[in-house]
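Residue numbers (mature numbering (1 follows the signal peptide of the UniProt record, and there is no 0)): -19 to -1, 1 to 295.
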């Protein structure tokens, strides 16, 4: 009986210690509301770029004037850095620091962003450049790279949003973007000019937020599916397709109507970075928060369903 009591006590202490060791690491950013995450792996760090949700509690739409950057060496502790880019850095832009992505090429860092154009009606895509992943960034062109009048697949003013950029193994860079219609085009080596025509990809229930990544021999095109948004994905052996739809990757993001993903590999592990409205007391569709969970692949290359957790990366 004495031994049983001792063993039971040890077990209870072990359970208590385990409970204390588990931390709730999602959301990963708690000093500000952040949305539309895009991650860059560069050398031994991950740089996280996100839009800053500044909408007050009684304002039920997006209010976004700048982008933020954070960095991490372990995906658990995130360091905040000075604001690297604002809408006002683009003299031709009017408002709306919407979804974006940064990529490195030849020691330069190119930041593709969504903004509202001052003179061309609708959303546009601009590009900024820096010598450091933390900036400072400046407008690389002095004008928009993509304007709303360049695409006619969808007759709305916000179909030219959510840029994602990828450099293939042969050195060719590609820009993907869109809302209700998914567009892509080649980029010239200078990363600031479209090379050739704009193409259209047909995907089931495509809403927005395309993200291109490659794992082993497969290309993956993930995107926001329906509205409120889930994340779905397609696979291909070529970045130009054909794309085979594979289904849902991530479910609805709680009390956020949007769901916007970034997928990276870092130090031997794959990660799914996203936003939801989890931050209390005033989180929601227009006051979002970035989270991270691990991502895993099946033997055939398909991705396993990502389950959002409060624990995040332990």
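Heads up, the beta-carbon is just placed ideally off N, CA and C, and yes, glycines get one too.
All values derive from a computational prediction rather than experimental measurement.
Element boundaries [beta strand (DSSP E), containing residue i]
i	result
residue 253	250 to 257
residue 278	No beta strand (DSSP E) contains residue 278, which DSSP labels as neither H nor E.
residue 231	225 to 231
residue 37	Segment: none, residue 37 is in no beta strand (DSSP E) and carries neither H nor E.
residue 51	47 to 53
residue 17	15 to 23
residue 168	163 to 168
residue 86	74 to 86
residue 185	No beta strand (DSSP E) holds residue 185; DSSP gives it neither H nor E.
residue 146	145 to 148
residue 199	199 to 206
residue 155	154 to 158
residue 96	89 to 98
residue 213	211 to 217
residue 107	104 to 111
residue 318	Past the boundaries of the shown model lies residue 318; the chain is included only from -19 to 295, so the question cannot be answered.
residue 245	243 to 247
For residue j and residue i, believed in contact at Cβ under 8 Å, the rounded distance
i	j	result
residue 110	residue 119	7 Å
residue 64	residue 49	6 Å
residue 267	residue 36	4 Å
residue 85	residue 143	Not quite, the Cβ-Cβ distance comes to about 20 Å (not below 8 Å), so this is no contact.
residue 299	residue 52	Because the chain here runs from -19 to 295, residue 299 falls outside it and cannot be looked at.
residue 295	residue 6	7 Å
residue 13	residue 33	6 Å
residue 215	residue 202	5 Å
residue 153	residue 167	6 Å
residue 73	residue 124	6 Å
Contacting residues, own chain, Cβ-Cβ under 8 Å from residue i (five flanking each side not counted)
i	result
residue 75	68, 96, 97, 98, 99
residue 113	90
residue 285	276, 277, 278, 279
residue 3	292, 295
residue 176	166, 167, 168, 169
residue 11	260, 270
Other residues of its chain near residue i: CB distance less than 7 Å, five sequence neighbours each side excluded
i	result
residue 9	59, 271, 272, 273, 293
residue 257	234, 235, 237, 269, 270, 272, 289
residue 71	96, 107, 120
residue 223	217
Cβ-based burial, residue i [other Cβ within 10 Å; buried from 16]
i	result
residue -11	With a pLDDT of 49 at residue -11, under the threshold of 50, the modelled position of this residue cannot be trusted; read the value that follows with caution. Looking at its Cβ environment, which holds fewer than 16 other Cβ atoms inside 10 Å, residue -11 is exposed.
residue -5	Annotation note: pLDDT 43 at residue -5 (below 50); position unreliable, coordinate value reported separately. Residue -5 should be labelled exposed.
residue 187	buried
residue 260	buried
residue 242	buried
residue 104	buried
residue 239	buried
residue 87	exposed
residue -8	For residue -8, the predicted structure reports a pLDDT of 44, less than 50, and the residue's modelled location is therefore unreliable. A value from the coordinates is still provided. With fewer than 16 Cβ atoms within 10 Å of its Cβ, residue -8 is classed as exposed.
residue 160	buried
residue 287	buried
residue 39	exposed
residue 141	buried
residue 128	buried
residue 220	buried
residue 42	exposed
residue 228	exposed
residue 264	buried
residue 182	buried
Residue i beta carbon near the ligand FAD (any heavy atom closer than 7 Å)
i	result
residue 82	Looking for the ligand FAD in the displayed structure turns up nothing, as the structure carries no ligands at all.
Nonlocal neighbours in the same chain, by C-beta distance under 6 Å from residue i, ignoring five residues either side
i	result
residue 22	245, 247
residue 204	187, 190, 191
residue 296	The structure shown has nothing for residue 296, since the chain only spans -19 to 295.
residue 116	65
residue 180	165
residue 147	155, 193
residue 145	82, 157, 191, 192, 193
residue 254	18, 20, 243, 273
residue 226	185, 215
residue 94	81, 107
residue 163	182, 184, 187, 191
Cutoff 8 Å: residue i Cβ touching any chain B Cβ
i	result
residue 202	Included in the structure is just one protein chain, with no chain B present.
Is it true that the stretch 190 to 209 meets the stretch 231 to 243, where meeting means three or more beta-carbon pairs spaced less than 8 Å apart? Yes: at least three Cβ pairs fall under 8 Å.
Tell me whether the stretch 13 to 20 and the stretch 80 to 94 touch, counting them as touching only if at least three CB pairs, one residue from each stretch, are closer than 8 Å. Because the criterion of three Cβ pairs below 8 Å is met, the stretch 13 to 20 and the stretch 80 to 94 touch.
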